[in-house]
Each structure stands twice: as C-alpha cells, then as structure tokens.
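Protein chains in written order, with my numbering: chain A, 1 to 258; chain B, 1001 to 1258. Okay, so here's the structure we're looking at.
2 protein chains.
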Amino acid sequence: MILVRTAARPAPRPRAVVVEPGRAVEQCLHCDARKHSVCNAIPALDLDRLATTAVSMNVESGRAFIREGDPAEHFFNVTAGCAKLFKLLPDGRRQITGFAGVGTFLGLAVSATYAFSAEALEPMKVCRFSRAKLRALLDDFPAMEQRLLEVASNELVAAQEQMLLLGRKTARERIASFLIARAALPSNCLASEPELAQVITLPMTRADIADYLGLTIETVSRSLTRFKAEGLIEIPAAGEIAIRDSAALTRMAAGAGP
Amino acid sequence: MILVRTAARPAPRPRAVVVEPGRAVEQCLHCDARKHSVCNAIPALDLDRLATTAVSMNVESGRAFIREGDPAEHFFNVTAGCAKLFKLLPDGRRQITGFAGVGTFLGLAVSATYAFSAEALEPMKVCRFSRAKLRALLDDFPAMEQRLLEVASNELVAAQEQMLLLGRKTARERIASFLIARAALPSNCLASEPELAQVITLPMTRADIADYLGLTIETVSRSLTRFKAEGLIEIPAAGEIAIRDSAALTRMAAGAGP
DNA sequence: CGTTGTGTTGATATTAATCAACAAGTGTGG
DNA sequence: CCACACTTGTTGATTAATATCAACACAACG
Chain A
1 MILVRTAARP
11 APRPRAVVVE
21 PGRAVEQCLH
31 CDARKHSVCN
41 AIPALDLDRL
51 ATTAVSMNVE
61 SGRAFIREGD
71 PAEHFFNVTA
81 GCAKLFKLLP
91 DGRRQITGFA
101 GVGTFLGLAV
111 SATYAFSAEA
121 LEPMKVCRFS
131 RAKLRALLDD
141 FPAMEQRLLE
151 VASNELVAAQ
161 EQMLLLGRKT
171 ARERIASFLI
181 ARAALPSNCL
191 ASEPELAQVI
201 TLPMTRADIA
211 DYLGLTIETV
221 SRSLTRFKAE
231 GLIEIPAAGE
241 IAIRDSAALT
251 RMAAGAGP
Chain B
1001 MILVRTAARP
1011 APRPRAVVVE
1021 PGRAVEQCLH
1031 CDARKHSVCN
1041 AIPALDLDRL
1051 ATTAVSMNVE
1061 SGRAFIREGD
1071 PAEHFFNVTA
1081 GCAKLFKLLP
1091 DGRRQITGFA
1101 GVGTFLGLAV
1111 SATYAFSAEA
1121 LEPMKVCRFS
1131 RAKLRALLDD
1141 FPAMEQRLLE
1151 VASNELVAAQ
1161 EQMLLLGRKT
1171 ARERIASFLI
1181 ARAALPSNCL
1191 ASEPELAQVI
1201 TLPMTRADIA
1211 DYLGLTIETV
1221 SRSLTRFKAE
1231 GLIEIPAAGE
1241 IAIRDSAALT
1251 RMAAGAGP
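Written as structure tokens, this is what we have:
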C-alpha cells in the first residue's frame, strides 16, 4: 500500500519507511501495484503499520468478492482488472450501480454490512484493508481521509448523473451516454490527452450493460445495431466498439441530438 | 455553526469558544439552528474562525439557491425546511436526485461547478460556508472531515438504492419505496422510536415526486389512487398521506409483494 | 370572479419489455 | 475430430407498462 519511486523492492523489508512529503510515489511497496491512489495522499507512512492493515489479493474472473448484506469487514482498492457492482431484488432483477476499475475504492460505507455486491469481470488484483484497522489508520493520516472524501464526492456526482440517465433518458441516449463515458475513461484514452478514445474495450457483457442502464439485453443489442447502421459506431470485434461520430453520440448522450 | 448547550446566546460574543470534547452540543452559536450536524463532530472550535466562514441565510420558498453549472463557491448546511435537488436535460426533462431536509450538506463536490440545482420547497434556513475557507477549516478539524466522509458514504448508499429503484422497479414499487422511505424519516416518525410514521407530510408536489421517481405525474396520481382503493393508504389532506398497511407497502417496496 | 397551479381521471399512443428463434463461439468429452 | 451443451449476441413478432394527450375539478389568489 506504500508507493515510493524505487524501481526494485528492498529485499529485507525495512521496518519503517518514510516517504518525504511532496515526493511522488509510484510503486506500491506492499503489493506490486504501479499506482495506488490511497497512498498518493499520504506523505509519510509507517510500512509495518500498513502491512498489518492491507493485503494484496488476486480475484479470479467471475468471483463475487463482496456480497450485499454480508458484514462489511474489509475495504478494497482495485489495483488491476475491473469488477461490476450491483444490487439485487428478491426476484432476481439486478441493477449494476457501477464498474470498479483500477484505483476504485470499494466498501467505504459506514454501515456494518455491504450495501452492494461486487463480482470480478476479469482476473483482478485488489488491496484489501481491514476496516477496523483502517479507522485507526485514517485517524493518523488525515490526508488519506481527505482523499477518500474527494473520491466519495466524485462518486456522488457520478451517481447523480446516473440517476438522470435512469430516470429520464431514452434507451438510445443511455447507450450513447455509456459509450461516451467509457471513451472518456483514462484507461481507454491516452492519459496525457483529455480527448475521447477512438476504440473502447468493454470487459462486460450485453447483460451487464443492460443491467447498468436499466434496459434489457435486446434493447441494448438493437440500439447498438442501429448506431452501426447510422454510421455512429463500428463493432470490429466482440468486446470492442469503435466510435465513428463522437460528436453525434455526445449530443445524443446530453439529451439533445437525434 | 457552533453548538453548545447554553440556551441563550452570550450577548457580547466571546472571542473564542472551546466546547469540551464529549460534551453534547445542541444550540448553534453562529446561526440560531437547534441542531447542527457539522458541529457535532467538532470537539473544540474557534468561534471567530467559524464566524468568518459561515453565514446563516433565509431562503424563500421556490428560490433556486444552487444552480447546476455555476461556480461552486459555497457549501451549505440545511438548518430548516426542505429543498429539492435536481438535474435538467436541455429539453427540460428533469430528474430530482434527492430532497435535502434539516442536517443535509449541499455542495460537497470537488468540482469547480455545482453538479445539480437546489430549490427550496418551503421557506428554508441554511448555513452558508465559503468553500475556499472550508478547506482550511477542514485541515484544522480532521473530525469534521471524518463526519463529512460519513455523510458522503451514506449518501452514496442512498444513491445506489435510488439507482436500483429507477433502473429496475415498477411504478407501484417506486411509489411504495418512496412512501416507506418518507415514513422512516426521523422528522416524520418520533426520533426516539425507530418505527415508521403513521402519517407522513409531503412538502413536494406530484410533479416533484414524479421527477424523483422517474415517472409522470399521471402515473404517480393513479398509483396513489389505486393504493387508496386497495386500502394501503389514505389521503386525509393535500400534502399528507396516512399509511394503513405498512407491511404490504414495505413488501412491495422491496420488490416482493403484489 | 376570472386566473393559475395542482391533482385526478379517461382515452390513446409509444417505447421498451417479453417471448421466441436462431447464429456464432467456446469448451467438453467421447 | 466431431457431436453436444452452453453462453452470448442478434433479430423478429407481439405485448404490456407507462407516457402522452385531453378534459375537468378544486383550491388559492389577486
């Protein structure tokens, strides 16, 4: 969970590592993640302290590593791969509330139980924190709490945007919004440029997209087919979509276009 | 923005007031709010410091005091009344993302502009903080940051629940969920008992309910009429609903019942 | 006493869901 | 290597839930 600039990990782990304030941190000393948004906020860390708090874990594809209603014992930071987060109704209806890519925090909630389930879409790596110990850690590192507040605020804004989509947008507008949002994802476009990606990778199935957008798989499929016919997108391969007319899609996503 | 147990405000305001840690705080020294969730988290406060940071404001009914897209200069805490929070599409479609009652924080976002608009449903009182000064205040009082993180986490859970509602619940289930959620509100049921209120007060119109639940006013009206015919509720007066069969409504809200 | 905003109810339209069939890809085991 | 099951995705026909359009009742208000 600690990031320092050193490329190689020190063989016998030092008992305490202090990263100088202001110095950029890139390589997690705890797990092998390259970039670790928790730690970027923490100028000085006690390695042993963190080592007892976090463990790096591999999660196999399809594995549900958080279950709604279970006691919320852990707190996760995604370091590789992507998960879907969802809530279920008793009869099986499902709402995917988001996809958790690299850097995402999971399980922030104050509640004693998880409010949603999380299932790996592909092989993942996560850093798992004990929530009990996390509280003590946050008390020592207010900067980390500040970072978490930022993250939570941003997620809240995204959640409100999704409510607008689910409550008021048409099927076509929802798909367009989804495509544009994916294209704007830092993992899909080059990190340096703020532009949209030309080709986006979708690690989720049509069923996942449908459950994320409050539609059925048939409606998702038909909308994509129609976008293709209209020259807005191309589908070069399964799990890939090429954006051909991002302006039109952006307009549609905003609730204006055709 | 400071709460101490003293009933009367000290006439010449002391230059610095320190509230002992662990001591309950009830009366805001800054504005005249009775309970102030910001301050409950802060064991020791500098009154002058806060006084330059927050001002108490009255907001008349119908006034939009936050506008989506405007520079986010302030941060609010509702101390009386209720507001609707919403986002608009260019053609006027509206999604109400929540209702902000007493104690609610508004404008937490990291972004430079507001992500939603807020309009008073009734005469309100809010405490307005300068966001620029808030940052410095939070740095001095990590406990306040912690409190905000809790609040944001809870709101995130509520937002996910609302996504489930908007994406996957039927019109009847949405209305049932709304009624049960309002009945569970501390302001509607007695604070001491965790039970549901028998009669709930709705400060919002049918149009607001519709825009909150992703429905039309007609569907809201028809659903309520049918609930009444089925003996689940009664409508003693405009803006009031009496819950007659909370068990059935709760089941329906969960996506199980009839 | 008209005007306006709000809420209800009815008739009809439309979007997206449901039901159904099938194609393509993947993995399994004989 | 090839049937076989199984998953995923596409497309068509039909249905159903909810939106839309329309009329009207009622209360608040100037």
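Cβ atoms here follow ideal geometry from the backbone N, Cα and C, with glycine treated the same way.
Counting only beta-carbon atoms, is residue i nearer than 8 Å to chain A?
| i | result |
| --- | --- |
| N1077 (chain B) | no |
| P1142 (chain B) | yes |
| S1056 (chain B) | no |
| G1167 (chain B) | yes |
| K1087 (chain B) | yes |
| A1253 (chain B) | no |
| A1120 (chain B) | no |
| S1111 (chain B) | yes |
| L1134 (chain B) | no |
| D1046 (chain B) | Caution is warranted here: a pLDDT of 47 is assigned to D1046 (chain B), below 50, making its placement in the model unreliable, and no coordinate value can be reported. |
| L1249 (chain B) | no |
Do you know how far the Cα of residue j is from the Cα of residue i?
| i | j | result |
| --- | --- | --- |
| L1149 (chain B) | P71 (chain A) | 20 Å |
| A143 (chain A) | L137 (chain A) | 11 Å |
| G107 (chain A) | H74 (chain A) | 7 Å |
| A112 (chain A) | S61 (chain A) | 27 Å |
| C82 (chain A) | G101 (chain A) | 4 Å |
| T1205 (chain B) | S130 (chain A) | 45 Å |
| T1222 (chain B) | S221 (chain A) | According to the sequence shown, residue 1222 (chain B) is Arg rather than Thr. The straight-line gap from Cα to Cα measures roughly 33 Å. |
| Y1212 (chain B) | A207 (chain A) | 26 Å |
| A1132 (chain B) | T170 (chain A) | 39 Å |
| Q1162 (chain B) | E1218 (chain B) | 21 Å |
| F1141 (chain B) | R1135 (chain B) | 10 Å |
| V1151 (chain B) | A237 (chain A) | 43 Å |
| L85 (chain A) | T1250 (chain B) | 24 Å |
| C1127 (chain B) | S56 (chain A) | 43 Å |
| F99 (chain A) | L185 (chain A) | 11 Å |
| F76 (chain A) | D139 (chain A) | 18 Å |
With a threshold of 6 Å on Cβ separation, who are the neighbours of residue i within its own chain once the five nearest residues in sequence on each side are excluded?
| i | result |
| --- | --- |
| L224 (chain A) | none |
| I200 (chain A) | R182, A183, N188, I241 |
| T1216 (chain B) | A1210 |
| I66 (chain A) | Y114, S117, A118 |
Using a Cβ-Cβ cut-off of 8 Å, state whether residue i counts as contacting chain B.
| i | result |
| --- | --- |
| D208 (chain A) | no |
| F116 (chain A) | yes |
| P270 (chain A) | The requested residue 270 (chain A) does not occur in the structure, where chain A is confined to residues 1 to 258. |
| A184 (chain A) | no |
| A256 (chain A) | yes |
| L106 (chain A) | no |
| G22 (chain A) | A caution first: G22 (chain A) carries a pLDDT of 37, below 50, which makes its placement in the model unreliable, though a value can still be read off. It does not: the Cβ of G22 (chain A) has no partner Cβ on chain B nearer than 8 Å. |
By Cβ distance, which residues of its chain are closer than 8 Å to residue i, with the 5 residues on each side in sequence left out?
| i | result |
| --- | --- |
| K1087 (chain B) | E1068, R1094, Q1095, T1097, A1115, F1116, S1117 |
| S246 (chain A) | I180, A183, L196 |
| R226 (chain A) | R172 |
| V1059 (chain B) | F1065, G1081, A1083, A1120, P1123, M1124, K1125, V1126 |
I think residue i touches residue j, with their Cβ atoms under 8 Å apart; what is that distance to the nearest whole Å?
| i | j | result |
| --- | --- | --- |
| E1119 (chain B) | R1063 (chain B) | 7 Å |
| G92 (chain A) | G1214 (chain B) | 21 Å between Cβ atoms; not a contact. |
| A1080 (chain B) | K1125 (chain B) | 4 Å |
| V110 (chain A) | S1153 (chain B) | 5 Å |
| L165 (chain A) | G1255 (chain B) | Not a contact, Cβ separation roughly 21 Å. |
| L1202 (chain B) | G1231 (chain B) | With a Cβ gap of about 20 Å, L1202 (chain B) and G1231 (chain B) do not count as contacting. |
| E155 (chain A) | E1145 (chain B) | The Cβ separation is near 17 Å, so there is no contact. |
| A1159 (chain B) | Q160 (chain A) | 7 Å |
Quick one: residues in its chain with C-beta nearer than 7 Å to the C-beta of residue i, no 5 flanking neighbours on either side, listed in chain order?
| i | result |
| --- | --- |
| E234 (chain A) | K228, A242, R244 |
| A1253 (chain B) | E1173, A1176, S1177, I1180 |
| T104 (chain A) | V78 |
| I1209 (chain B) | F1178, V1220 |
| Q198 (chain A) | A242, I243 |
Inset, instruction - Would you list, in chain order, the members of the stretch 144-164 of chain A that have their beta-carbon closer than 7 Å to a beta-carbon of chain B? - result: Answer in chain order: E145, Q146, L148, L149, E150, A152, S153, N154, E155, L156, V157, A159, Q160, Q162, M163, L164.
Inset, instruction - Select from the stretch 92-103 of chain A all residues with a C-beta closer than 9 Å to any C-beta belonging to chain B, and list them in chain order. - result: Residues of the stretch 92-103 of chain A with a C-beta less than 9 Å from any C-beta of chain B: R93, R94, Q95, I96, T97, G98, listed in chain order.
Legend entry - Interface positions of the stretch 1214-1231 of chain B facing chain A (Cβ-Cβ less than 8 Å), listed along the chain: Taking a C-beta cut-off of 8 Å against chain A, the contacting residues of the stretch 1214-1231 of chain B are G1214, listed in chain order.
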